[in-house]
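Contents: one structure, followed by commentary.
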Amino acid sequence: MTPLLRTRGLTRHYSGVVAVDGVDLDVAAGSIHAVIGPNGAGKTTLFNLLSGLVRPNAGTILFDGADITTLPPDRRARLGIARTFQNIRIFGAMTVLENVLTGLCATGRSGLAGTVLRLGRFRREERDAVARARDALALVGLSDKAEWRAAALSYGDQRRLEIARAAAAGPKLMLVDEPAAGMNPAETDGLVHLMQRLNALGITILLVEHDMGLVMGIAHNITVLNFGRRIFGGSPDAVRQDPGVIEAYLGHKVAARLAAARV
Amino acid sequence: MTLPPWLDDFLWTYQNVVHSLGINGLLALSMYVVLAVGQLSLGQAAFMGLGAYSSALMSLKLGWPFWLVLPASMVLPVAFALAIGVPTLRLAGVYLAIATIGLGEVLRAVYLNVDYVGGALGLSGIPERAETWMIYVLLLVAIAVLWLVGRSRIGRAMEAMREDETAAAVMGVPVRRYRMGALLASAVLAGVAGALSAHSSHFIGPNDFGFEPAVTILSFALLGGVGTPLAPVLGAALLTVLPELLRSLSDLRLVINGLIIVAAVLFLPNGLLAWRMRRRAA
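Those sequence lines, one after another, are chains Y and B. In terms of this note's numbering, the first sequence opens at residue 51 and continues consecutively. In terms of this note's numbering, the second sequence opens at residue 4 and continues consecutively.
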């Protein structure tokens, strides 16, 4: 089966520093796929390349069978790629519900004239969008705060709002950038359940995360990056055993000692 | 249409102010649509000038009727907005602001030096065709359209762009198209305001559409705010009426205007009318 997302030789450098270096990535449809790696390994740059905020210097991105390498972010969103940000980027002055409605803005077809004249299709689309936004809020457990100003939400709720906004339109692929950052263990548990439910709804999830417990518990596949290079890919168990991964995380001395101890 | 005598008297005496109020309201909306998508343009006065000059020439040199002149006055502003927008709106940041300042200055030099458009003397004897009701009907239509657009998917996308353009793009908002659309709408509004202004004041000159009016138009929106289309119109109304009330202070008027703008930016960052509209039609 061809993967939902496939990159080949994806490369991006910033004035001499290679942030992402010839990365081949295959994300199977329906899976939860994690990208891990030490700080500065190029994980966020990879996400920016995938969502179209940054153009690659070389390489290709295939999504759902189409080459999207040069498409702008909004076109990719329309094809079904959603994302959340490491540093939460909600629209603080808007209400919680309006934030989620913005995630649905690509689903409407009404033009300017239909909007101004409040034609039947416009009214139908607005009704549908509000219903779908409320579903998404129910999914993340924010229904009772729908009319709150988004900036007034707690940190954990803002994360969940961002996930609801990304999930509302029913994307094929959701890029989730460090969802557990700054969360307490209970909130992290809630996030794991939430992502598993989204995955059960048919959304493929590509996850960047530092919380190894979370990654090992949830991911079907893991890709390890170090200095922009893909150094390993496989199941969580295989990643745990791989000496190259251990070296990247703990340094070669510890890795050598661990290897010696194991023999 | 018969008006009560006191209203008739009032309109007659203060016709200039009444017209300016409406025209400045349109200019404030022209500023609003650009700010509403998070862009900064200082070309509103330039677009207004294009509308004013082209409409005045259509009336004076071609003898066109005003019902034809008014819509035709949008053509040049829109053409220039496209010419400026296509290269600059691809880039985020201040490029649009810089390019539009440049546009205003270039056009001023053209008006000054081309005899066909009156040179330094400007154009005078423009027929007084802009009726009070025309100005206010157009203003109300503009407010209504922008209000309806604001309370819709498009309005939510615009506010999202204003707050965080990157996040909006990732949500599927076609940010370049929205920037261009806003600039074109802005050019249309300013062009019409220019035509109305030219046809209610008999005279236009090269310095009517330079940098200073550009900043004044910006201050309408700064003072009023951009939460709703009503806010910048209120700002325009205050900044139009206030100088009239302060007429006795003559030279201090500009100083006081400036102080008002500084105070608004410092103490009312969201403008006088800070409330925002519900971005939902349902």
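Ideal Cβ placement from N, Cα and C applies to all residues, glycine included.
| Query | Result |
| --- | --- |
| From HIS260(Y) to LEU32(B), what distance separates their C-alpha atoms? | 48 Å |
| Would you verify that the beta carbon of THR57(Y) is, or is not, closer than 7 Å to some beta carbon of chain B? | no |
| Can you pull the chain B neighbours of GLU259(Y), defined as C-beta to C-beta under 7 Å? | Within 7 Å Cβ-Cβ: nothing; GLU259(Y) doesn't reach chain B, min ~19 Å. |
| Any idea what DSSP makes of MET245(Y), helix, strand or coil? | helix |
| Identify, in the order they occur along the chain, each residue of the same chain with its Cβ nearer than 7 Å to the Cβ of MET164(B), setting aside the five sequence neighbours on each side. | VAL40, GLY41, ALA171, VAL176, VAL178 and TYR181 |
| Which residues in chain Y sit within 9 Å of THR169(B), going by Cβ to Cβ distance? | LEU103, PRO123, PHE135 and ARG139 |
| Less than 7 Å between the beta carbons of GLY230(B) and ARG279(B), yes or no? | yes |
| Starting from the beta carbon of MET144(Y), find every residue of chain B whose beta carbon is closer than 9 Å, and list them in chain order. | ARG159, GLU162, ALA163, GLU166, ARG279 and ARG282 |
| Identify the continuous alpha helix (DSSP H) that holds ILE268(Y) and give its terminal residues. | 262-268 |
| Measure the CB-CB distance between ILE220(B) and LEU30(B) and report whether it falls below 7 Å. | yes |
| Of all the options GLY28(B), SER204(B) and ARG283(B), which has the alpha carbon lying nearest to the alpha carbon of ARG132(B)? | SER204(B) |
| Quick check on the DSSP output: the beta strand (DSSP E) that includes MET280(B) runs from which residue to which? | Segment: none, MET280(B) is in no beta strand (DSSP E) and carries neither H nor E. |
| Under 7 Å between the Cβ atoms of ALA183(Y) and ALA132(Y)? | no |
| Quick one: Cα of ASP185(Y) to Cα of ALA59(B), how far? | 56 Å |
| Counting only beta-carbon separations shorter than 7 Å, does MET77(B) have a partner in chain Y? | no |
| Are ARG156(B) and GLU148(Y) touching if we call contact CB-CB under 7 Å? | no |
| Would you kindly work out how many angstroms separate the C-alpha atoms of THR316(Y) and GLY278(Y), rounded to a whole number? | Given that chain Y is displayed from residue 51 to residue 313, the structure contains no residue 316(Y) and the question cannot be resolved. |
| On the three-state DSSP scale, how would you describe THR57(Y)? | strand |
| Straight-line CA distance for VAL73(Y) to VAL289(Y)? | 17 Å |
| To the nearest angstrom, how far is the alpha carbon of TYR205(Y) from that of THR134(Y)? | 14 Å |
| Does DSSP put ALA95(B) in a helix, a strand or coil? | coil |
| Taking Cβ-Cβ distances shorter than 7 Å, what residues in chain Y pair up with VAL178(B)? | ASP124 |
| Give the straight-line distance between the Cα atoms of TRP70(B) and GLY25(B), rounded to the nearest whole angstrom. | 18 Å |
| Check whether the Cβ of GLY301(Y) sits closer than 6 Å to any heavy atom of the ligand COA, and report yes or no. | Absent from the structure shown: the ligand COA. Ligands present: none. |
| If you measure from the beta carbon of ARG209(Y) to each beta carbon in chain B, is any gap under 7 Å? | no |
| By how many angstroms is the C-alpha of LEU45(B) removed from the C-alpha of VAL218(B)? | 7 Å |
| Shortest alpha-carbon distance to HIS270(Y) belongs to which of ALA143(Y), PRO286(Y), ARG62(Y) and THR165(Y)? | PRO286(Y) |
| ALA196(Y) to GLY164(Y), Cα distance in whole Å? | 27 Å |
| Of the residues LEU256(Y), LEU167(Y) and ALA84(Y), which one's Cα is nearest the Cα of ILE272(Y)? | ALA84(Y) |
| Give a yes or no on whether the C-beta atoms belonging to VAL226(Y) and LEU257(Y) are separated by under 7 Å. | yes |
| To which residues does DSSP link VAL258(Y) through a beta bridge? | VAL85(Y) and ASP227(Y) |
| Are the C-beta of VAL166(Y) and some C-beta of chain B separated by less than 7 Å? | yes |
| Which residues in chain B have a C-beta closer than 7 Å to the C-beta of ALA127(Y)? List them in chain order. | VAL173, MET174 and GLY175 |
| For THR254(Y) and GLY80(Y), which I take to be in contact (beta-carbon distance under 8 Å), what is that distance rounded to the nearest angstrom? | 6 Å |
| Verify whether the separation of the beta carbon atoms of LEU199(B) and VAL81(B) is less than 7 Å. | no |
| Along the beta strand (DSSP E) that carries ALA69(Y), what are the first and last residues, could you check? | 67-77 |
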